[in-house]
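Contents: one structure, followed by commentary.
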Amino acid sequence: MKQAAVAIAVFAALASGSAMAATVYKADGTELKVGGRMEFRGDFNGTTKGEEIEGTMKNKSRMRLNVKGETELANEMKGFAVWEAEQGVNSSADNDEESDFDQRYMYVGLKGHFGAVSFGRQDSAGVQISNMSDIATFTGDQKAFINSGNEQINNTIAYGYEFDAVSLKASYIAGEEKDTDGFGISAIYNTPFGLDIGLGYSFNDNGEGNGSADQVIAGLGYTIDQLYLAATYTTGDLDDDANQEFDGVELVAQYKLTKEFRMIAAYQKQTEETNGVDEDTADFFELTGRYDFNKNFRGYLSYMLNNLDEEDTGYDVNDTVRLGLRYDF
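Those letters in the sequence shown? Residues -21 to -1, 1 to 308, per mature numbering (1 follows the signal peptide of the UniProt record, and there is no 0), in order.
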């Protein structure tokens, strides 16, 4: 591959604003793609944490950019690499700008008949279970309790293999600091009648002198015609030495009324317990209407009914209305 040709192709793809993920280089068994999204997200009345928006709107807009490369090696093996970063905006009434990009993913690996193994900043094994119910605007935190079950984790070695109707994933966190390693394993079985069954387990140490954390996560998903139903449940220890535990449940339903329009309903409740004392950290209902103008452009309106109270948060809790427009390229 000629470096100059690749550099010119990448720049051209970024400058063109292509409506599709662009293959910017393809030759001699090597392929490079550039993609991402630009998304306006405006929150009204309250933030996602339930804090009051004293003005009119909190701007949660973001832009993501990713680069994915793949090259053919010997013996039906391929090398691949993924990088992705995100930039937000300042929510203000002036022209203060946001200049920082936050790294989301950066990993390199090999894949072939044996599956795929990769090294770098990437998702842990349990994320595929959390994703079963992560289809709405405010869902997706079932994975976020402990490091070894979460997404975008540094120093991670990941393995994935798909055979017949089973998706198997395993991950290992090789922490630099003492007593910070972790691991995870998960599997999803897709039955022939539309039911998906997922189960995962994760464990990690919390650092020298601290306890350890673990997580069990289970998921069910069911698809019939235009209807999708899913539920995930997770439980485990945040710190076994400090007697800190957690539980979380997420339920979702999606129905496609037309090719373009769908309705999504969700419920999430998460609780953390320390020495037998419970505290709700999330408790909400969500209703979203989404309209896909085409495969690259969508609009949506979401309402979050926040059931937390002042005892949980320390402030009066408000509901959230989000208006969104998203362009994928």
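No residue lacks a Cβ here, since even glycine has one placed at the ideal position from N, Cα and C.
(message) Taking the beta strand (DSSP E) that Gln194 belongs to, which residues open and close that run?
(response) Taking the first residue of the sequence shown as position 1, residue 194 is located at position 215. Taken as a continuous stretch (DSSP letters only), the beta strand (DSSP E) holding Gln194 covers Ser191 to Ile203.
(request) Note the first and the last residue of the continuous beta strand (DSSP E) segment covering Val68. (result) Taking the first residue of the sequence shown as 1, we reach residue 68 at position 89. Note, Val68: premise wrong, no beta strand (DSSP E); not H, not E.
(message) For Phe124 and Phe225, which I take to be in contact (beta-carbon distance under 8 Å), what is that distance rounded to the nearest angstrom?
(response) Locating residue 124 in the sequence shown gives position 145, where the first residue counts as 1. Locating residue 225 in the sequence shown gives position 246, where the first residue counts as 1. Confirmed, Cβ separation roughly 5 Å.
(request) Identify every run of the beta strand (DSSP E) within the stretch 221 to 255, keeping only runs that are complete inside it and at least 3 residues long; order them along the chain. (result) 223 to 235 and 240 to 253
(message) Taking its Cβ as the centre, do 16 or more other Cβ atoms sit within 10 Å of Glu229, making it buried, or is it exposed?
(response) The count along the sequence shown starts at 1 and reaches residue 229 at position 250. So Glu229 counts as buried.
(message) Please list the terminal residues of the continuous beta strand (DSSP E) segment that includes Ser150.
(response) For the purposes of this step, residue 150 is identified with residue 171 of the sequence shown, where counting begins at 1. Looking at the DSSP string, the run of the beta strand (DSSP E) that includes Ser150 is Val145 to Ile152.
(request) Determine the direct distance from the alpha carbon of Val87 to that of Asp193, and round the result to whole angstroms. (result) Walking along the sequence shown from the start, residue 193 turns up at place 214. Walking along the sequence shown from the start, residue 87 turns up at place 108. One C-alpha to the other measures close to 27 Å.
(message) Less than 8 Å between the beta carbons of Ser181 and Ser109, yes or no?
(response) Translated into the one-based positions of the sequence shown, residue 181 becomes position 202. Translated into the one-based positions of the sequence shown, residue 109 becomes position 130. Contact: no.
(request) Return the residue from the list Val46, Arg41 and Asp219 that minimises the CA-CA distance to Val3. (result) In the sequence shown, counting from the first residue as 1, residue 3 sits at position 24. Residue Val46 is the option with its Cα nearest to Val3.
(request) Spatial neighbours of Lys235 within its chain, please: CB distance less than 7 Å, with the 5 preceding and 5 following residues excluded, ordered by chain position. (result) If you number the sequence shown from 1, residue 235 lands on position 256. Hits under 7 Å: Gln205 and Arg241.
(message) Out of Gly173, Asn185 and Ser146, which one is the CA nearest neighbour of Lys157?
(response) The residue labelled residue 157 in the question sits at position 178 within the sequence shown. The option with the nearest alpha carbon to Lys157 is Asn185.
(message) I need the straight-line Cα distance from Ala221 to Thr253, nearest angstrom please.
(response) Against the sequence shown, residue 221 aligns to sequence position 242. Against the sequence shown, residue 253 aligns to sequence position 274. One C-alpha to the other measures close to 7 Å.
(message) Determine whether the beta carbon atoms of Asn126 and Asn183 lie at a separation below 8 Å.
(response) On the sequence shown, residue 126 is found 147 positions in, with the first residue counted as 1. On the sequence shown, residue 183 is found 204 positions in, with the first residue counted as 1. Yes.
(message) Whole angstroms are fine: how far does the CA of Tyr138 sit from the CA of Ile152?
(response) The residue given as residue 152 occupies position 173 in the sequence shown. The residue given as residue 138 occupies position 159 in the sequence shown. Approximately 12 Å, taken between the alpha carbons.
(request) Kindly list the residues whose CB is nearer than 6 Å to the CB of Lys57, restricted to its own chain and excluding five residues on each side of it in sequence; keep chain order. (result) Here residue 57 refers to the residue found at position 78 of the sequence shown. Contacts found: Glu49, Glu51 and Lys90.
(message) Spatial neighbours of Gly227 within its chain, please: C-beta separation below 6 Å, excluding the five flanking residues on both sides.
(response) Translated into the one-based positions of the sequence shown, residue 227 becomes position 248. The answer, listed in chain order, is Gln121, Thr213 and Gln249.
(request) Take the Cβ of Val231 as the centre, count every other Cβ of all protein chains shown within 10 Å, and call the residue buried at 16 or more, exposed below. (result) Position 252 of the sequence shown holds residue 231. It is buried - the Cβ of Val231 has at least 16 other Cβ atoms within 10 Å.
(request) Reducing DSSP to helix, strand and coil, say where Glu289 ends up. (result) Translated into positions along the sequence shown, residue 289 becomes position 310. DSSP places Glu289 in helix when its eight states are reduced to three.
(request) Could you check what DSSP says for Val96 in three-state terms: helix, strand or coil? (result) Looking up residue 96 in the sequence shown gives position 117. Correct three-state label for Val96: strand.
(request) With DSSP collapsed to three states, give me the class of Val296. (result) Taking the sequence shown and counting its residues from 1, one reaches residue 296 at position 317. The answer is coil: DSSP assigns Val296 none of H, G, I, E or B.
(request) Spatial neighbours of Tyr140 within its chain, please: CB distance less than 6 Å, with the 5 preceding and 5 following residues excluded, ordered by chain position. (result) For the purposes of this step, residue 140 is taken as residue 161 along the sequence shown, with counting starting at 1. Closer than 6 Å at the Cβ level, and outside the excluded window around Tyr140, lie Gly94 and Leu147.
(request) Would you list the one or two residues that DSSP bridges to Ile114? (result) The residue you call residue 114 lines up with position 135 of the sequence shown. Beta-bridge pairing links Ile114 to no other residue.
(message) Taking the beta carbon of Gly34 as the centre, do at least 16 other beta carbons fall within 10 Å, making it buried, or is it exposed?
(response) Here residue 34 refers to the residue found at position 55 of the sequence shown. So Gly34 ends up on the exposed side.
(message) Suppose you measure from the CA of Gln66 to the CA of Asn38; what does that come to, to the nearest Å?
(response) Here residue 66 is taken as the residue at index 87 of the sequence shown, counted from 1. Here residue 38 is taken as the residue at index 59 of the sequence shown, counted from 1. Their backbone Cα atoms lie some 13 Å apart in a straight line.
(message) Looking at Gly21: is its Cβ nearer than 8 Å to the Cβ of Asn297?
(response) For the purposes of this step, residue 21 is identified with residue 42 of the sequence shown, where counting begins at 1. For the purposes of this step, residue 297 is identified with residue 318 of the sequence shown, where counting begins at 1. No, the pair does not count as a contact, with Cβ atoms beyond the cut-off.
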